[in-house]
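Numbering (the working numbering), first residue to last: 747 to 938.
Take a look at the structure set out below.
Written out as structure tokens, the structure reads:
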């Protein structure tokens, strides 16, 4: 089975209890590696800079990608964890993902921050039979200090087969929380 994954790979700095950990990742990596372990043939549509340390590992794991290397540094976030609070800052944003050709009819679309245009998203939905969406990157904005926040967004969910959202994202997409928000998504025939 084949699957396309569309998302940036990242280098994140995690700050917790006075310690800092710099780790590569992002949905581009996690989704690709997870689905590859489930025996999918994976094509990753992403962008990363020469600073991204997992290129060889992705190749070793037989994750296919092309035109992923950018002249810009890899997308980077700072994630500050304090008690149960999570604060996210955008440190760097790599270039947009564009001009993709799907290799399958099943797609995971998981933008992090503005790397997938709405026009590209619409094209993907038209060319795939199954679209799993994690919409966080369509909902995220940054303030003058690059702190990330979510904004209510009218996102066209037609031709989306399944969606992964947390409670805050659900509220931004539907204007409702918990069961009411899930019911709104289910009326659009989405698997939540």
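We treat Cβ as the ideally placed atom computed from N, Cα and C, and that holds for glycine.
Note that the structure is predicted; figures quoted are calculated from it, not measured.
Here residue 915 is buried, its C-beta having at least 16 other C-beta atoms within 10 Å.
By a beta-carbon distance limit of 8 Å, residue 793 does not contact residue 810. Their separation comes to about 15 Å. Beta-bridge pairing by DSSP links residue 874 to no other residue. For the beta strand (DSSP E) assignment, the uninterrupted runs of no fewer than 3 residues enclosed by the stretch 747 to 815 are, from N- to C-terminal side, 748 to 752, 756 to 762, 765 to 771, 787 to 791.
With a minimum length of 4 residues, the unbroken runs of alpha helix (DSSP H) contained wholly in the stretch 840 to 924 fall at 864 to 873, 882 to 885, 913 to 920.
Secondary structure note for residue 827: its beta strand (DSSP E) is the uninterrupted segment 821 to 828. For residue 834, the three-state secondary structure derived from DSSP is strand. Residue 903 sits close to residue 936, with the two beta carbons spaced by under 9 Å. The Cβ-Cβ distance between residue 877 and residue 753 does not fall below 9 Å. The Cβ atoms of residue 844 and residue 816 lie no closer than 9 Å to each other. For residue 922, the CB contacts under 7 Å within the same chain, skipping 5 residues up- and downstream, are 930 in chain order. The alpha carbon of residue 853 has as its nearest neighbour, out of 885, 777, 830, the alpha carbon of 777. Here residue 828 is exposed. Its C-beta has fewer than 16 other C-beta atoms within 10 Å.
Around the beta carbon of residue 782, 16 or more other beta carbons sit within 10 angstroms, so the residue counts as buried. Inter-residue distance for residue 848 and residue 834 is about 31 Å (C-alpha atoms, whole angstroms).
With 16 or more other Cβ atoms from the protein chains shown falling within 10 Å of its own Cβ, residue 886 counts as buried. Contact between residue 804 and residue 823 is ruled out by a C-beta separation of about 19 Å, above the 8 Å threshold.
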